[in-house]
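5 is the number of the first residue of the sequence shown in the numbering used here; add one for each residue after it. Virtual Cβ for every residue (Gly too), placed ideally from N, Cα, C. Each remark here refers to the structure printed beneath this line.
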Amino acid sequence: MCSVKGFSSILVFWNGSEKNAAVIARAEDRVFLQGMVGEEIGFSRGISPVGKDFIMRRYRAYGGPVPPPIDHRGIDDAYIGKASVTHYFNGGKWLGLSGAD
């Protein structure tokens, strides 16, 4: 994840190459601010790799778009403690699948 001038995005480096990285899920950082301890405000966006079991459990629990055949990991993009969406690359495009709620 990268944040520049108040906006964060997920960068995907295909096969570990720094050339032609995919930039997905760009959003304003302020959307992910929440109270932490006392009066402290913190940035609460996090990403993690997720596999078929995670993707299918979330689909069965929350519905949403039917996942394609899962043969690689997706990226769970979370507003920590709130909700998430799982980004999955399939058929040349990024899909937004059910994450945690």
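- Using a Cβ-Cβ distance cut-off of 8 Å, the region 14-30 and the region 54-62 are not in contact, since fewer than three pairs of beta carbons, one from each stretch, lie closer than that value.
- DSSP places N94 in the strand class (E or B) of the three-state scheme.
- Just so you know, the alpha carbons of G78 and R34 end up roughly 25 Å apart.
- Straight-line measurement puts the Cα of T90 at about 6 Å from the Cα of S102.
- Going by DSSP, F36 is part of no alpha helix (DSSP H) at all; its letter is neither H nor E.
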